[in-house]
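Participant:
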Amino acid sequence: MRLKLTSTDGILSFDLAPGVPHVLGRAPTSDLPVFDPTISRRHAEVRSENGRIEVTDLGSSNGTFVNGVRVESGHAGPADLVAFGKVAFRIEPVNEDAEAPAAVAAGEPSGAHVPTPPAGSTPPRPSGGTIVKQFPVRIHHSALTPIRGAVVIPEDAEAARDKDKVKLSTLLEVSKGLGRAVDTDMILESIVGYAYQILDVDRVAILLMDERGELAPKISRDKRGTVHARAVPQSIARKVVDDQVAVLTDDAGEDQRFGGQSILMQRVRSAMCAPLVGSEGRVLGVLYVDNITTTHRYSDEDLDFLIAFSGIAAVAIENSQFAERIRRETLARSNFERYFAPSLAARIASSPEATRLGGDKREVTVLFSDIRGFTALAETMTPDDIASLLTEYFTEMVEVVFRNGGTLDKFIGDAVMAEWGAPLQAPGDADRAMKAAIEMIEALDRLNARWRAAGRPELQIGLGLNHGEAFAGNIGSERRLEFTVIGDTVNTARRLCESAGRREILVSDEMRRALSDPPLLEECPPMELKGKSVPVPVYRVVL
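Mapped onto this note's numbering, the consecutive letters of the sequence shown carry residue numbers -16 to 526.
1. Are Arg495 and Leu503 touching if we call contact CB-CB under 8 Å?
2. Does Arg477 pass the burial test, meaning 16 or more other C-beta atoms within 10 Å, or should it be called exposed?
3. Would you please state the rounded distance, in angstroms, between the beta carbons of Leu289 and Val272? I believe it to be under 8 Å.
4. Bridge partners for Trp403 per DSSP, in chain order?
5. Report the rounded CA-to-CA distance for Val77 versus Ala0, giving the unit in angstroms.
6. Using DSSP's beta-bridge definition, name the partner residues of Phe454.
7. Can you give me the C-alpha to C-alpha distance between Met192 and Gly268, rounded to a whole angstrom?
8. If the criterion is Cβ atoms closer than 8 Å, does the pair Val490 and Glu402 meet it?
9. What is the DSSP secondary structure of Thr378, counted as helix, strand or coil?
10. Around the Cβ of Asn33, are there at least 16 other Cβ atoms within 10 angstroms (buried) or fewer (exposed)?
11. With DSSP as the reference, label Arg415 as helix, strand or coil.
12. How long is the line joining the alpha carbons of Ser44 and Gly(-7), rounded to whole angstroms?
13. Quick test of your reading: Thr529 and Phe72, contact by CB under 8 Å. State the CB separation rounded to the nearest angstrom.
14. Between Val17, Gly389, Phe466 and Phe377, which lies nearest to Ile444 when the distance is taken from Cα to Cα?
15. What did DSSP end up calling Leu427 once you bin it into helix, strand or coil?
16. In its own chain, which residues sit with a C-beta less than 8 Å from the C-beta of Gly356, not counting the 5 before and 5 after it?
17. Where do the N-terminal and C-terminal ends of the alpha helix (DSSP H) with Lys(-13) fall, by residue?
18. What would DSSP say about Gly445, mapped onto helix, strand or coil?
19. Mapping DSSP to helix, strand and coil, what is Val224?
20. Under 8 Å, with one C-beta from each stretch per pair, do the stretch 376 to 395 and the stretch 465 to 477 reach the 3-pair mark?
21. Between the Cα of Gly2 and those of Asp185, Leu360, Ala361 and Val38, spot the shortest distance and give me the residue it belongs to.
22. Ends of the alpha helix (DSSP H) at Glu172?
23. If the criterion is Cβ atoms closer than 8 Å, does the pair Ile36 and Val29 meet it?
24. Return yes when the Cβ of Val175 is within less than 8 Å of the Cβ of Ile202, no when it is not.
25. Over what stretch of residues does the alpha helix (DSSP H) that includes Leu360 continue unbroken?
26. Cα separation between Leu479 and Arg310?
27. Within 10 Å of its beta-carbon, does His26 have 16 or more other beta-carbons around it, so buried, or fewer, so exposed?
28. Near Ala483, what residues of its chain come up, given a Cβ to Cβ distance below 7 Å and the 5 sequence neighbours on each side ignored?
29. If you follow the beta strand (DSSP E) that Glu32 is part of, which residue opens it and which one closes it?
30. Could you pull the DSSP bridge partners for Gly342 from this structure?
31. Starting from the C-beta of Arg204, find all residues in its chain whose C-beta is less than 6 Å away, skip the five residues before and the five after it, and write them out in chain order.
32. Measure the C-alpha to C-alpha separation of Thr(-9) and Tyr177 and round it to an integer number of angstroms.
33. Can you tell me whether Asp428 is buried or exposed, with buried defined as 16 or more other CB within 10 angstroms of its CB?
34. Comparing C-alpha positions only, which one of Val223, Asp166, Ser516 and Asn50 sits nearest to Ser303?
35. Here's a check: name, in chain order, each residue in its chain whose Cβ is nearer than 7 Å to the Cβ of Val210, leaving out the five neighbours to either side.
36. Hey, quick one: how far does the beta strand (DSSP E) through Asp205 stretch, first residue to last?
Below you can see the structure in the form of structure tokens.
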């Protein structure tokens, strides 16, 4: 007589092969894996022999018990209770007639004719744990098609119709429930919850495709809602993705299609897996369910139902991904528009590399503009007046930068820093920067005229421009990024700005040579700039 161990809560059940020692423990490699904190990694050895089992403790921390008595070694029979730590099992006989799958008669050649089963009977399943169903998933079919077309052998036609109505009603409720969720994580949690409601499974796991096209685990839960670290067998998951088929396997460990070591290590018995197929046939990931204690747990009808359920889940996941992408791009664009011209912001927001850390070296043109004598002026004004004056001033300066295709790098006190050539380069960057510098002077002249008429203070600025190689990219942390350019080219532009007088634009010789259509320039005596070992050639724009 074959025996099995069944946990008192009915969740776990292990068939014991006669005469074979089985190690029970918390380790995934155990013959009888039991994932409970009171179970040691190698807790006990169990052997079935002559209608009884022999239990030997392997030095566990929380002990092994037979009918409530702690033992180092003991025997038990049917109806006895054996506990490992705080997990108790009942010893039960195996109903071999009910659980054994139909098989080809022993000794019959592999190519022999198998008689056709009588009409109305269930066709025999193949032995050896081979896949009992492999169903191609076609995205042009309705998600409910597998249910309506499922082969069901009911007790009577009315019972079959009632059963189909219940399943269709369940899928309709699932569709409504998933449709109300927007957040991807919330949808995944809902999918797992629904899977336990409609399918008899021990574990549900979802893997989604990452940016590299690899399957990444997103969620894995058991019946208690406990997070499981056990990986989904890659041999099953990859077959489902590569062939876009849903599969059911009676005994994954013996299935010739799946030779992965993870299946043997995790002692997966029965499993079903279906692809999550989005629009245009794009595989979003897989929905996987399994049982680690009992073979032949699932039927063809269960697989059909999983396919329909996966179709609905895929639509919900894809919609949430679309919504999340729109939200990210909208947020990114709103952030970018504070620093870039609107047309440039749209191009950057659509780039997946736009917000990554790091950057590269490139040719840029850097502009600095600074208000002359602002500190002394601010001492004579109220905070509200200062804020109002600077807001009007900065608004005009930023508009000039954006109108000429530049990037607003930052405000440094009352100074403005802008660059051309980063993050995107275009022919004529240096000429547009030069044009922006001249327009800044002109825009401030108009502001001063308006302020003068209103009896308000006037402002004067000096500007510096340089052209050369600089590091450009997102600098900062994962929580806060700042796009900027750094290097000697930037430092020189700032020193030129500091040396410029009122309404004066100073440019370096590198900037002069980068201009294809330079304005009238006047050569100045070489200037000694901070950080430079020798005086540098400088030119003044004649306004």
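Every residue, glycine too, gets a C-beta built ideally from N, C-alpha and C.
Facilitator: Reading from the atomic positions:
1. For the pair Arg495 and Leu503, the CB atoms are not nearer than the 8 Å cut-off.
2. buried
3. 7 Å
4. Thr348
5. 11 Å
6. Ile469
7. Their backbone Cα atoms lie some 5 Å apart in a straight line.
8. no
9. helix
10. Exposed, since its Cβ has fewer than 16 Cβ neighbours within 10 Å.
11. Three-state DSSP puts Arg415 in a helix.
12. 24 Å
13. Lying outside -16 to 526, the shown extent of the chain, residue 529 is not represented and no answer is given.
14. Ile444 has its Cα closest to that of Phe377, out of Val17, Gly389, Phe466 and Phe377.
15. It is helical.
16. Apart from sequence neighbours up to five positions away, the residues of its chain that approach Gly356 with a beta-carbon distance below 8 Å are Gln443, ordered along the chain.
17. That residue, Lys(-13), is in no alpha helix (DSSP H); its beta strand (DSSP E) goes Leu(-14) to Ser(-10).
18. In the structure shown, Gly445 sits in a strand (DSSP, three-state: E or B).
19. helix
20. A contact exists between the stretch 376 to 395 and the stretch 465 to 477.
21. Val38
22. Thr167 to Ile181
23. yes
24. yes
25. Phe357 to Ala361
26. 42 Å
27. buried
28. Gly445, Leu446, Gly447 and Leu489
29. Ala27 to Glu32
30. Gly456
31. Val175 and Val187
32. 25 Å
33. exposed
34. Asp166
35. Hits under 7 Å: Ser203 and Arg204.
36. Boundaries of the beta strand (DSSP E) around Asp205: Leu198 to Asp205.
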